[in-house]
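When you read off a place in the sequence shown, starting at 1, and then add 66, the result is the number in this note's numbering.
Ideal placement from N, C-alpha and C gives every residue a C-beta, glycine not left out.
Here the structure is laid out as structure tokens; the discussion comes afterwards.
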Amino acid sequence: MHLDPANKRSEVIKSRWKPEEVRKLRMEARMAGMQLATYVHELANLGRRLGAADLLRELNGAGEQDKTA
67 MHLDPANKRS EVIKSRWKPE EVRKLRMEAR MAGMQLATYV HELANLGRRL GAADLLRELN
127 GAGEQDKTA
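So this is what it looks like as structure tokens:
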């Protein structure tokens with residue numbers, strides 16, 4: 067299957083999209099990745115401020131014995 071160069075991802079992309087479209091898709095994917103990273107970062111900071119780790123420890127029964135981890 068992968069022995070035929072026409073089956074390679076780069077060749078399939080070349081046959082389906084023009085270079086300008088590929089560049090635009092990559093730029094959109096990069097921006098979406100940055101938005102996702104920003105969202106995850108903000109969510110993590112919010113969780114820290116609200117003490118989510120302590121709450122999760124309590125909910126999972128880890129309580130006082132596992133606070134060192």
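Inset, instruction - Check Lys90 in the structure and name its three-state DSSP category. - result: Position 24 of the sequence shown holds residue 90. DSSP places Lys90 in helix when its eight states are reduced to three.
Inset, instruction - Could you pull the start and end residues of the alpha helix (DSSP H) that Leu122 belongs to? - result: Here the question's residue 122 lines up with position 56 in the sequence shown. Leu122 -> alpha helix (DSSP H) spans Ala118 to Leu125.
Inset, instruction - Closer than 7 angstroms by C-beta to Pro71: which residues in its own chain qualify, once you throw out the five before and the five after it? Chain order, please. - result: If you number the sequence shown from 1, residue 71 lands on position 5. Closer than 7 angstroms at the Cβ level, and outside the excluded window around Pro71, lie Glu77.
Inset, instruction - Let me know the secondary structure DSSP gives Leu109 once reduced to three states. - result: Residue mapping note: residue 109 aligns to position 43 of the sequence shown, counting from 1. In this structure, Leu109 counts as helix in the three-state DSSP scheme.
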